[in-house]
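Following: one structure in structure tokens, then a few remarks.
Residue numbers (our numbering): 29 to 260.
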């Protein structure tokens, strides 16, 4: 009889080793993809919670509220500036009206040079007060720009009066008339700005504020309304 060899037998106690087949590799890849997808979904959900549409809207609301608070503060600051300007400019405007009466109510009378220099000091200081333009909303910016333009026009009127002082007649009379017209334009510009300030003051919850400059009848300025200060 021939010998039986053990080449085709498996040794007991030692499991056979098979290389990983396509199915096991596919299962591992599938698990990896699912894990990645779940992680991405969680990250997206948590990110949306803090940076989604709701968070954006909250941020917009915060900015709008901050802007509203800033404008309320700027309305108060501009009101105080305008009230002070009205007190400082009123004597100058009264003297200008005597030098160049509106609507030819009386012949022009050239002021003294020292008097004009005093006007220039007052008006130039007022122009400097409006040199800075703090950040504010459109309503405040319109009012401030109007008042700044008005005092700049008054400065131009002062230059006209100064030129009239040293000019011979009849040129002096013509220069006085032109300076008076420039003053009237300044008063009209200020009245528009004062109306704007009145409107935004009411909107800001501060009520009516009347900072109109004295202009007299027939000047073409916008008159103040009859509502009491602070009402509305």
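C-beta: ideal position from N, C-alpha, C; glycine also. Since the model is a prediction, treat every value here as computed from it, not as a measurement.
Distance between residue j and residue i (C-alpha atoms, nearest Å)
{"i": "residue 145", "j": "residue 157", "result": "19 Å"}
{"i": "residue 259", "j": "residue 236", "result": "5 Å"}
{"i": "residue 183", "j": "residue 211", "result": "9 Å"}
{"i": "residue 248", "j": "residue 198", "result": "27 Å"}
{"i": "residue 76", "j": "residue 89", "result": "The predicted model places residue 76 with a pLDDT of 47, which falls under 50 and marks its position as unreliable; any figure quoted below should be read in that light. Looking at the two C-alpha atoms, the distance is approximately 18 Å."}
{"i": "residue 142", "j": "residue 102", "result": "37 Å"}
{"i": "residue 251", "j": "residue 195", "result": "35 Å"}
{"i": "residue 136", "j": "residue 230", "result": "41 Å"}
{"i": "residue 187", "j": "residue 104", "result": "32 Å"}
{"i": "residue 68", "j": "residue 82", "result": "Summary for residue 68: the model assigns pLDDT 47, below 50, so the residue's position carries little reliability; its value from the coordinates is reported in the next sentence. When rounded, the distance between both Cα atoms is 21 Å."}
{"i": "residue 153", "j": "residue 109", "result": "12 Å"}
{"i": "residue 147", "j": "residue 124", "result": "9 Å"}
{"i": "residue 254", "j": "residue 84", "result": "44 Å"}
{"i": "residue 192", "j": "residue 226", "result": "36 Å"}
{"i": "residue 223", "j": "residue 216", "result": "11 Å"}
{"i": "residue 86", "j": "residue 116", "result": "45 Å"}
{"i": "residue 205", "j": "residue 119", "result": "19 Å"}
{"i": "residue 160", "j": "residue 139", "result": "32 Å"}
{"i": "residue 218", "j": "residue 128", "result": "19 Å"}
{"i": "residue 201", "j": "residue 134", "result": "12 Å"}
{"i": "residue 126", "j": "residue 113", "result": "20 Å"}
{"i": "residue 170", "j": "residue 106", "result": "11 Å"}
{"i": "residue 7", "j": "residue 162", "result": "Any property of residue 7 remains undetermined from this structure, which presents the chain solely from 29 to 260."}
Spatial neighbours of residue i in its chain, beta-carbon cut-off 8 Å, leaving aside the 5 residues before and after
{"i": "residue 122", "result": "242"}
{"i": "residue 99", "result": "164, 165, 167, 168, 228, 232"}
{"i": "residue 257", "result": "235, 236, 237, 238"}
{"i": "residue 220", "result": "174, 250"}
{"i": "residue 244", "result": "125, 130"}
Residues near residue i by beta carbon distance below 6 Å, same chain, minus five either side
{"i": "residue 111", "result": "239"}
{"i": "residue 208", "result": "128"}
{"i": "residue 177", "result": "217"}
{"i": "residue 151", "result": "182, 183, 186"}
First through last residue of the alpha helix (DSSP H) which encompasses residue i
{"i": "residue 247", "result": "First-last for residue 247: undefined, no H or E at that position."}
{"i": "residue 144", "result": "141 to 157"}
{"i": "residue 172", "result": "166 to 194"}
{"i": "residue 205", "result": "199 to 231"}
Nonlocal neighbours in the same chain, by C-beta distance under 7 Å from residue i, ignoring five residues either side
{"i": "residue 131", "result": "246"}
{"i": "residue 181", "result": "210, 213, 214, 217"}
{"i": "residue 203", "result": "188, 191, 192, 195"}
{"i": "residue 155", "result": "179, 180, 183"}
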